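Undergrad: Numbering (the working numbering), first residue to last: 77 to 682.
We put the CB at the ideal spot given by N, CA and C, even for glycine.
Owing to the predicted nature of the structure, the values given are computational and were not obtained by experimental measurement.
I'd like to ask you about the structure that follows.
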């Protein structure tokens, strides 16, 4: 036998083809398989037809042989399987085994066969080829020729659904509906077509794994979109969820987002937490967005988001916090506090910002947040506490920038005027930085009359800075007490800083007597007192102030000359420009020359 087979292999293909075809008709079972192997090696259409006819007697071995040829289309057409049920079943099995779309015309016609067994086999073969070529989601892109065969076969099978009602055909059509071709689209255009009606029912009722896998993909198909959205709760496979949520393609399309709100059981539309943890990070990141799009109560939504603190993806947890910030603060405060202890610093900071910003946290919780190592959270908590009450304001007002201090102080003045003024008076009595900050607020808010007594006491303080600032604020307070305190500072004070401010204060408080009161001080040995006196006198008697300023600029003490330049800058006297230019060139001190030159340029600009 082996010698005869070897002879057949050496013959020309045309001769060998005829001999093998004839030999297969009369070969016994022991010789048939070897002859089929030679026929497949020859590969002519006649040989393949002969093999197809005897393949039902070979079983799985025959199917394995027929997987080798590249193209069986011509052989199947020549064999005419529709006339031979056994041959037809072989071709159907071969189509499923090879996943060959070129055999689908035979498969599609066999779906409408009168024999139920043949029709069932054809339906299963159609489903196998479609899922192999289009994938379980129907999103794979076959070649143009294969796509044409698939589209035609699905359209033919769908058009005959009224007669056969086979579930595998419906599943195959459902897979193809993810990206339907022209022929299948024509079937879907008929909204009342039995296939369209059955597809909607399939997505709405069945628990078939393939359907569950495709549920979300069908949201983009107008035929199955609404039914798929209603049956979205049947999506239970972690792998399907992973593909569904990856990169947010489900949630980025507005139409799909709207459809999700029609889900029949929205509370069951999320994977179990144990399954969600296993999802890829690119899919986990979209779970919070899915929670927001489902039509569920606010309480359920917050509960679902709270459970997601266990997700490994930091991006998912950040989105959970961001989603919680859109909900009612009354419901989310406890959950945000849990997220505030997240292992990822960025998640914890965002949660803390949300906690602080909700405005309903108790003071003790804000104080704990104020002690956090995160600078941004610490600052936010401190500023929130600053605006809670006057007592809280004066506890931490020196720890915030001046602009924040002023803004919060203005609010306290409007809401708690009495306690706020009492706090200012306490700070004036304490002195130090608190006293200086209090005087700044008093002058900013024009509260001098309300705290005159405290200012008078501060003007006698041992701290020269506090006393001088208080004396400068007393003219706006007015009244006999303030006047007496300024006069005492002018006559009795030995600290130059305080006396210098008293000189200007007395000029503002006693305008009619200003010239008389200021004249003794325009030649004072202290440069600050002398400068303030000359500057104040210039407002009332320029005839006396101008010669006094020239004398100060010609003084032998460098400090007096520096203070004289300051007076010239602040009073903007154009008559003094020539003297400043001379100083800029001839003064022995470089610092004084620089100051004089800058002052001269300033006056020239005027």
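1) For the candidate residues 199, 482, 675, 362, whose alpha-carbon lies nearest to that of residue 328?
2) Short of 8 Å in beta carbon distance, which residues of its chain neighbour residue 231, apart from the five on each side in sequence? Order them along the chain.
3) On the three-state DSSP scale, how would you describe residue 547?
4) Can you tell me which of 665, 388, 172, 379 puts its alpha carbon nearest to the alpha carbon of residue 420?
5) Quick check on residue 640: buried or exposed, where buried means 16 or more other Cβ atoms within 10 Å of its Cβ?
6) Can you round the beta-carbon distance between residue 497 and residue 523 to whole angstroms, since I take them to be within the 8 Å contact cut?
7) With distances taken Cα to Cα, identify the nearest neighbour of residue 190 among 267, 222, 241.
8) Can you grab the Cα-Cα spacing for the pair residue 594 / residue 554, in whole Å?
9) In whole angstroms, what separates the C-alpha of residue 207 from that of residue 447?
10) Go ahead and label residue 606 buried or exposed: buried means 16 or more other beta carbons lie within 10 angstroms of its beta carbon, across all protein chains shown.
11) Quick check for students: name the residue ranges of the alpha helix (DSSP H) that lie wholly in the segment 565-608, counting only runs of 4 or more.
12) Shortest alpha-carbon distance to residue 563 belongs to which of 479, 547, 526, 513?
13) Once DSSP output is grouped into helix, strand and coil, what is the label at residue 340?
14) Where does residue 646 sit, in a helix, a strand or coil, going by DSSP?
15) Among 445, 271, 450, which has the Cα closest to the Cα of residue 457?
16) Should residue 358 and residue 321 be called a contact, given that it needs their Cβ atoms to be closer than 9 Å?
17) Identify, in the order they occur along the chain, each residue of the same chain with its Cβ nearer than 7 Å to the Cβ of residue 270, setting aside the five sequence neighbours on each side.
18) Label residue 637 either buried or exposed according to how many other C-beta atoms from any shown protein chain fall within 10 Å of its C-beta, with 16 as the threshold for buried.
19) So residue 372 and residue 342 are supposed to be a Cβ contact under 8 Å. How far apart are they, rounded?
20) Three-state secondary structure (DSSP) at residue 531?
21) By alpha-carbon positions, which one of 405, 255, 655 ends up nearest to residue 669?
22) If you count every other CB in all the chains shown that lies within 10 Å of the CB of residue 429, and 16 or more means buried, which is it?
23) Helix or strand or just coil, what does DSSP make of residue 473?
24) Suppose the cutoff is 8 Å on Cβ atoms and the five residues either side in sequence are ignored; what does the same chain contact list for residue 366 look like?
25) DSSP three-state call for residue 507: helix, strand or coil?
26) For the alpha helix (DSSP H) containing residue 345, name the first residue and the last one.
27) How many whole angstroms separate the CB atoms of residue 340 and residue 307, which I take to be in contact at a CB cut-off of 8 Å?
28) Using beta-carbon positions only, say whether residue 539 and residue 507 come within less than 9 Å of one another.
TA: In brief:
1) For the purposes of this step, residue 328 is taken as the residue at position 252 of the chain shown. The shortest C-alpha separation from residue 328 is found at 362.
2) Within the chain shown, numbered from 1, the residue matching residue 231 stands at position 155. Excluding positions up to five away in sequence, the list reads 257, 259, 260, 262, 263.
3) Looking up residue 547 in the chain shown gives position 471. Annotated three-state conformation of residue 547 is helix, per DSSP.
4) Locating residue 420 in the chain shown gives position 344, where the first residue counts as 1. Out of 665, 388, 172, 379, 388 has the C-alpha closest to the C-alpha of residue 420.
5) Taking the chain shown and counting its residues from 1, the one referred to as residue 640 is at position 564. So residue 640 counts as buried.
6) Start at 1 with the first residue of the chain shown, and residue 497 comes out as number 421. Start at 1 with the first residue of the chain shown, and residue 523 comes out as number 447. Contact holds; Cβ gap of about 7 Å.
7) One-based indexing of the chain shown puts residue 190 at position 114. Closest in alpha carbon position to residue 190, among 267, 222, 241, is 241.
8) Position 518 of the chain shown, counted from the start, is the residue given in the question as residue 594. Position 478 of the chain shown, counted from the start, is the residue given in the question as residue 554. So the alpha carbons of these two residues sit roughly 19 Å apart.
9) On the chain shown, residue 207 is found 131 positions in, with the first residue counted as 1. On the chain shown, residue 447 is found 371 positions in, with the first residue counted as 1. Roughly 60 Å between the two C-alpha positions.
10) On the chain shown, position 530 is the one that residue 606 refers to. That one is buried.
11) Counting only runs of 4 or more, we get 572-585, 590-594.
12) Taking the first residue of the chain shown as 1, we reach residue 563 at position 487. Just measuring C-alpha positions, the residue of 479, 547, 526, 513 sitting nearest residue 563 is 547.
13) The residue given as residue 340 occupies position 264 in the chain shown. Here residue 340 sits in coil by DSSP.
14) As a first step, residue 646 is located in the chain shown; it is residue number 570 there, counting from the start. Annotated three-state conformation of residue 646 is helix, per DSSP.
15) Stepping through the chain shown from its first residue, residue 457 is reached at position 381. Of the candidates 445, 271, 450, the one whose C-alpha sits nearest the C-alpha of residue 457 is 445.
16) Taking the first residue of the chain shown as 1, we reach residue 358 at position 282. Taking the first residue of the chain shown as 1, we reach residue 321 at position 245. Yes, these two residues count as a Cβ contact at 9 Å.
17) As a working mapping, residue 270 is identified with position 194 in the chain shown. Around residue 270: 237, 238.
18) The count along the chain shown starts at 1 and reaches residue 637 at position 561. Taking every protein chain shown into account, the CB of residue 637 has 16 or more other CB atoms within 10 angstroms, so this residue is buried.
19) As a first step, residue 372 is located in the chain shown; it is residue number 296 there, counting from the start. As a first step, residue 342 is located in the chain shown; it is residue number 266 there, counting from the start. Approximately 5 Å separates the beta-carbon atoms of residue 372 and residue 342; this is inside 8 Å, confirming the contact.
20) Position 455 of the chain shown, counting from 1, holds the residue named residue 531. Secondary structure at residue 531: helix, using DSSP grouped into helix, strand and coil.
21) Position 593 of the chain shown holds residue 669. Per the Cα distances, 655.
22) Within the chain shown, numbered from 1, the residue matching residue 429 stands at position 353. Buried, by the Cβ-count rule.
23) Reading the chain shown from its first residue, position 397 is the one you call residue 473. Collapsing the DSSP output to three states places residue 473 in a helix.
24) Within the chain shown, residue 366 is the residue found at index 290, counting from 1. 321, 326, 327, 336, 345, 346, listed in sequence order.
25) Residue 507 sits at position 431 when you count from the first residue of the chain shown. In this structure, residue 507 counts as coil in the three-state DSSP scheme.
26) Counting from 1 along the chain shown, the entry for residue 345 is found at position 269. Counting along the chain, residue 345 sits inside no alpha helix (DSSP H), nor does DSSP assign it H or E at all.
27) As a position in the chain shown, residue 340 is number 264, starting the count at 1. As a position in the chain shown, residue 307 is number 231, starting the count at 1. Residue 340 to residue 307, Cβ: 7 Å. Contact.
28) Here residue 539 is taken as the residue at index 463 of the chain shown, counted from 1. Here residue 507 is taken as the residue at index 431 of the chain shown, counted from 1. Remark: C-beta atoms of residue 539 and residue 507 approach each other more closely than 9 Å.
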